[in-house]
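Reading through the structure tokens given below for one structure.
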């Protein structure tokens, strides 16, 4: 192999390597964090689970379904609110940006016991 | 001697097992608007009067650990009001007349039983409004059949009363249509008109995690704001609470079935258990002395007793 060919091959390899490294760095920088999926079932008059522990900064999607009638899901501390109808899964996404213990509740009156239909989200560091 | 003393409203004994004076509050924490009296004083105003507010009677509730006299408390309150030396001009029931049930027929039966009991009141004029226990599961169908409209107005001796429905929508909304109705009604009122709003849920965010709020209550308050003399009386939270949004005073009433804990004071909202050493503690009714000329409302809280 003559000198010119060696230089060309070396240059090409260096360029390709640099390109791939760049791609890797770009990809890491722009990667969409994987959402944690949590299934929640609402039924008269509780949520299951009624205590959910999350990590601050970790994106989460709640997949909420109703086992009986229309309910509401309201996690006011994070502005998360949706109605939950039977026969379909309702998804809400958020990323907790603060730590602490936060109440969520049914905010669609569903009968005797509605007032006690609540749960807790605990966000840790 | 005050008007209330003259009327003999407060009787520490002898109300046939009814009520005792608990506390009084004059005119919305004393913060309600005193302005505008000059102009209004020149207009024709009617005499002072008083009315009685009863709330959250939850007829049909059963829970001996919470209220072993669930079938007697409302009757005692009726008897107590009937025992007043001077009868009020009218009575208002600010919602949750009955305790909710999924069974439509039982719901209707409870409403009929409630009506029968309160028909024993001597006062001929009684204004009802719904609570979520009465109206949320069927959007007010059974309630309207038994009691009539969910929202309406009436006038009494210079005061304009507005009954707002924030319960027949199970999502705790007043709704755009009713807010437009309210705005149209307010347009007919002068800005210094004496206005009392009667509703079930608080119109402000008292404690939303416990459903102690109206989702679009801020829009209602915005509509009321241009009026200088507005006071709100409501129920729902089963305890006395006094709050100001700007110049508008909001006063919640006690229940006649079970008290609830102070907002946020316990992890889960649940009725306060019955205390055998202090029966009926936390239950009560109130009288409201209205002085339209001064846009003044003097509240007297009255406890239920078992005597």
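Chains as they are written, first to last, in the numbering used here: chain P, 4 to 128; chain B, 110 to 416.
C-beta: ideal position from N, C-alpha, C; glycine also.
Neighbouring residues, chain P, relative to residue i (Cβ below 7 Å)
i: residue 249 of chain B; result: Going along chain P, no residue has its Cβ under 7 Å from residue 249 of chain B, so there is no contact; the nearest lies around 12 Å.
CA nearest to the CA of residue i, picked from the options
i: residue 80 of chain P; options: P/65, P/57 and P/107; result: P/107
i: residue 113 of chain P; options: B/227, B/219, B/209 and B/215; result: B/209
i: residue 351 of chain B; options: B/292, B/312 and B/261; result: B/312
i: residue 412 of chain B; options: B/164, B/376 and B/157; result: B/164
i: residue 65 of chain P; options: P/49, P/89, P/48 and P/83; result: P/83
i: residue 256 of chain B; options: B/201, B/324 and B/399; result: B/201
i: residue 281 of chain B; options: B/295, B/310 and B/290; result: B/310
i: residue 3 of chain P; options: P/55, P/76 and P/105; result: This structure does not reach residue 3 of chain P, given that chain P is present from 4 up to 128, and the question cannot be answered.
i: residue 388 of chain B; options: B/234, B/160, B/217 and B/181; result: B/181
i: residue 175 of chain P; options: P/85, P/119 and P/126; result: Nothing in the structure corresponds to residue 175 of chain P, since chain P is present only between 4 and 128.
i: residue 103 of chain P; options: P/128, P/118 and P/120; result: P/128
i: residue 186 of chain B; options: B/284, B/228 and B/320; result: B/228
i: residue 283 of chain B; options: B/316, B/244 and B/347; result: B/244
i: residue 89 of chain B; options: B/315, B/304, B/344 and B/166; result: The question about residue 89 of chain B has no answer, for chain B in this structure spans 110 to 416.
i: residue 419 of chain B; options: B/330, B/215 and B/159; result: The requested residue 419 of chain B is not part of the displayed model; chain B covers only 110 to 416.
i: residue 211 of chain B; options: B/241, B/191 and B/236; result: B/241
i: residue 270 of chain B; options: B/260, B/278 and B/279; result: B/260
i: residue 110 of chain P; options: B/171, B/402, B/317 and B/158; result: B/317
i: residue 58 of chain P; options: P/100, P/44 and P/42; result: P/100
i: residue 321 of chain B; options: B/328, B/307 and B/344; result: B/344
i: residue 336 of chain B; options: B/292, B/373 and B/193; result: B/292
i: residue 207 of chain B; options: B/160, B/383, B/190 and B/238; result: B/238
i: residue 184 of chain B; options: B/215, B/362, B/166 and B/204; result: B/166
i: residue 307 of chain B; options: B/294, B/159, B/382 and B/361; result: B/361
i: residue 373 of chain B; options: B/332, B/315, B/326 and B/325; result: B/315
i: residue 203 of chain B; options: B/342, B/397 and B/332; result: B/342
i: residue 217 of chain B; options: B/194, B/399, B/400 and B/168; result: B/168
i: residue 475 of chain B; options: B/233, B/171 and B/258; result: Absent from the structure is residue 475 of chain B, since the part of chain B shown begins at 110 and ends at 416.
i: residue 78 of chain P; options: P/92, P/125 and P/72; result: P/125
i: residue 323 of chain B; options: B/162, B/254, B/363 and B/278; result: B/278
Listed by chain order, chain P residues near residue i by CB distance under 8 Å
i: residue 362 of chain B; result: Going along chain P, no residue has its Cβ under 8 Å from residue 362 of chain B, so there is no contact; the nearest lies around 18 Å.
Under 7 Å by beta carbon: chain B residues contacting residue i
i: residue 75 of chain P; result: 280
i: residue 121 of chain P; result: 377
i: residue 61 of chain P; result: The contacting residues do not exist; residue 61 of chain P stays about 23 Å from chain B at best.
i: residue 66 of chain P; result: In chain order: nothing, as chain B lies at least about 21 Å away.
i: residue 38 of chain P; result: Near residue 38 of chain P there are no residues of chain B at all, since even the closest Cβ is about 25 Å away, more than 7 Å.
Closer than 9 Å at the beta carbon, the chain P residues around residue i
i: residue 317 of chain B; result: 77, 79, 108 and 110
Chain-ordered chain B contacts of residue i [CB-CB under 9 Å]
i: residue 115 of chain P; result: 170, 208, 209, 210, 211 and 242
Any chain A beta carbon closer than 7 Å to residue i
i: residue 126 of chain P; result: You won't find chain A in this structure, because its protein chains are P and B.
8 Å Cβ cut-off: residues of chain B touching residue i
i: residue 128 of chain P; result: Within 8 Å Cβ-Cβ: nothing; residue 128 of chain P doesn't reach chain B, min ~23 Å.
- Task: Anything in the segment 366-389 of chain B with a Cβ closer than 7 Å to a Cβ of chain P? List those residues in chain order, please.
- Result: Against chain P - using a Cβ distance shorter than 7 Å - the residues of the segment 366-389 of chain B are 377, 378 and 379.
- Three or more C-beta pairs closer than 8 Å, one from the segment 272-280 of chain B and one from the segment 296-305 of chain B: is that the case here? By the Cβ rule, the segment 272-280 of chain B does not count as touching the segment 296-305 of chain B, because fewer than three pairs are nearer than 8 Å.
- Residues from the segment 198-214 of chain B in contact with chain P, defined by Cβ distance under 9 Å: Flagged, chain order: 208, 209, 210 and 211.
- Any contact of the segment 246-255 of chain B with the segment 352-365 of chain B, i.e. 3+ C-beta pairs under 8 Å? Result no; under three Cβ-Cβ pairs closer than 8 Å.
- Specify whether the segment 163-175 of chain B and the segment 361-370 of chain B touch according to this definition: at least 3 beta carbon pairs, one from each stretch, less than 8 Å apart. The segment 163-175 of chain B, when compared against the segment 361-370 of chain B, does touch it at the 8 Å Cβ threshold.
- Message: Whether or not the segment 211-223 of chain B and the segment 259-271 of chain B are in contact is what I'm after, with contact meaning three or more pairs of Cβ atoms, one per stretch, closer than 8 Å; do they touch?
- Response: With a cut-off of 8 Å, the segment 211-223 of chain B and the segment 259-271 of chain B do not count as touching, because too few Cβ pairs lie within range.
- Message: By the 7 Å beta-carbon criterion, what residues does the segment 228-247 of chain B contribute toward chain P?
- Response: Flagged, chain order: 241, 245 and 246.
- May I ask you to list, following chain order, the residues of the segment 272-286 of chain B that have a beta carbon less than 7 Å from some beta carbon of chain P? Taking 7 Å as the Cβ-Cβ cut-off against chain P, the residues of the segment 272-286 of chain B that qualify are 279, 280 and 281.
- Message: Within 8 Å, do at least three Cβ pairs link the segment 372-379 of chain B to the segment 389-397 of chain B?
- Response: At 8 Å Cβ cutoff, the stretches do not touch.
- If you measure beta-carbon to beta-carbon, which residues of the segment 320-341 of chain B are closer than 7 Å to chain P? Within the segment 320-341 of chain B, the residues whose Cβ lies closer than 7 Å to some Cβ of chain P are 320, listed in chain order.
- Runs of beta strand (DSSP E) wholly within the segment 186-234 of chain B (minimum 3 residues, chain order): Entirely contained in the segment 186-234 of chain B, the beta strand (DSSP E) runs reaching 3 residues are, in chain order, 199-203.
- Which residue spans inside the segment 151-181 of chain B form an unbroken beta strand (DSSP E) run of at least 3? Listed in chain order, they are 158-163.
- Task: Ignoring anything shorter than 3 residues or poking outside the segment 253-286 of chain B, list the beta strand (DSSP E) runs there in chain order.
- Result: Runs of the beta strand (DSSP E) inside the segment 253-286 of chain B: 261-265 and 268-272.
- Task: Would you mind listing the beta strand (DSSP E) stretches within the segment 339-382 of chain B that are 3+ residues and don't spill past its ends, in chain order?
- Result: Qualifying beta strand (DSSP E) stretches, in chain order: 350-354 and 357-361.
- Message: Which complete beta strand (DSSP E) runs does the segment 39-119 of chain P hold, if anything under 3 residues is left out?
- Response: The DSSP assignment places complete beta strand (DSSP E) segments of no fewer than 3 residues inside the segment 39-119 of chain P at 39-46, 49-51, 54-58, 63-69, 74-78, 83-87, 93-97 and 103-108, in order along the chain.
- Query: At which residue ranges does the segment 308-343 of chain B contain complete alpha helix (DSSP H) runs of 4 or more residues, listed in the order of the chain?
  - Reply: You should have 326-333.
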